[in-house]
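For what it's worth, my numbering labels the leading residue of the sequence shown as -5, then goes sequentially. Report on one structure; see the data block that follows.
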Amino acid sequence: MKSILIKATPFLIVFFTINFFVYKTSPFYKQESKYSNRIDSIINSKPKVVFLGDSHSESIKLLNLSENIGNLAFGADGIKEMYIKTLILKKYNPELKYVFISTEPQMFNNSISSNSTFLNKYLLKLNNSKEIYNKSKLNLITEKIPLLNDNYLRYFLNNIYSIIRNGGNKSDNNTSIKWTDISSSEKEKIASSTGITDHNGIMTRDEDLEIYKKLVNNLKLRNVKVIGVRFPVNEHYLKQCNKEDLDKVNLFINELNLDQNLDYSLSLNSATYFENEDHLNKTGMEELSKLIYKDTGIDLNK
């Protein structure tokens, strides 16, 4: 046994050195730090209004947000991540009054979010962690090691594939061209391409639908007002969600009996309001905040 340990020691040293280096330098784990910092700031500030969703809803960060507004939306978040954040809010924020939840069709696609890893430290403090991701406490702990983390490995392999696909360039999206400077035909091409990717497999994950229902019901049981919201996007992006799928999403949302259901998908048409095909810029977000205030009486700005 002793000889085995002696022989294994160099390999273990290399293994943990690689993992330490990856953890300290990888953009994946730098993203984890941003993710945790945002959650921790909400835990500490206990805002009365919170936004949940993906990068579309996250765009409220462009505003000078009121101290009563909390931004828990994050790029690539899915329904499970939204749900876990409501459990965190339940544990730490008894003052919560309103929650805006994304009802956009791409939230109901068949993708799996790698952001689940970023929630592990919070899941360790919740009783029903295995119910959500089917991960034991041991799984949650070992995922801290990058080379034992499926989400990190998937991220790493996707990056390698992207580099190979782009002929050695790190990204094919590295451009400083403003959305307003892109031709109409190119805008349509870009928006359509992204829309096809984002609207794949809509309403096909029954487990996610049940979790979404539970998310809404749990908030209602706490007398928290639940407001559905769809952020503005380019029309060609939204068109890639076929009518049948969109109708399914709308029927599902309507049956939840939300306190309000706000659809701003095509409310802002000018390219001057957009950073890209499906995200608002600061000007667009300021315009949207006026619409939200008009419809809800909730002022997002200081």
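Where a beta carbon is used, it is the ideal one built from N, C-alpha and C, also for glycine.
Query	Result
Where residue 270 sits in the DSSP three-state scheme	strand
Start and end residues, alpha helix (DSSP H) containing residue 25	21 to 39
C-alpha distance - residue 279 paired with residue 3, whole-angstrom precision	55 Å
Burial state of residue 271, where buried means 16 or more other Cβ atoms lie within 10 Å	buried
Three-state class that DSSP yields for residue 257 in the structure shown	strand
Spatial distance of residue 297 from residue 63 (CA atoms)	Lying outside -5 to 296, the shown extent of the chain, residue 297 is not represented and no answer is given.
Cβ neighbours of residue 17 in the same chain (closer than 6 Å, five flanking residues each side left out)	23 and 140
Selected residue, minimal CA-CA separation from residue 252, among 143, 209 and 111	209
Bridge-paired residues (DSSP) for residue 183	Beta-bridge pairing links residue 183 to no other residue.
Start and end residues, alpha helix (DSSP H) containing residue 96	From DSSP, residue 96 is part of no alpha helix (DSSP H) but of the beta strand (DSSP E) over 92 to 96.
Exposed unless 16 or more other CB atoms sit within 10 angstroms - verdict on residue 190	exposed
8 Å Cβ shell around residue 9 - same chain, five flanking residues per side excluded	141
Pair within 8 Å by beta-carbon distance, residue 109 and residue 75	yes
Chain-order list of residues whose beta-carbon lies under 7 Å from that of residue 257 (same chain, five-residue window excluded)	224
Beta-carbon proximity of residue 29 to residue 82, cut-off 8 Å	no
Inter-residue CB distance, residue 295 and residue 120 (contact presumed, cutoff 8 Å)	Rounded, the Cβ-Cβ distance is 33 Å, inconsistent with contact.
Simplified DSSP state of residue 168, which is helix, strand or coil	Confidence is the limiting factor: at residue 168 the pLDDT is only 46, short of 50, which leaves the residue's position unreliable and the question unanswerable from this model.
Pair within 8 Å by beta-carbon distance, residue 134 and residue 78	no
Limits of the beta strand (DSSP E) - the one that residue 219 falls within	219 to 224
Residue 65 - containing beta strand (DSSP E), residue span	63 to 65
C-alpha distance - residue 42 paired with residue 12, whole-angstrom precision	43 Å
Residue 32 versus residue 267: straight-line alpha-carbon distance, rounded	25 Å
Reduced DSSP category for residue 68 - H, G, I as helix; E, B as strand; rest coil	coil
Residue 246: first and last residue of the uninterrupted alpha helix (DSSP H) it sits in	237 to 248
Contact the stretch 280 to 291 vs the stretch 236 to 246: 3+ CB pairs below 8 Å	no
Buried or exposed (CB count within 10 angstroms, at least 16 for buried), residue 211	exposed
Supposed contact pair residue 218 and residue 90 - C-beta distance, whole angstroms, cut 8 Å	5 Å
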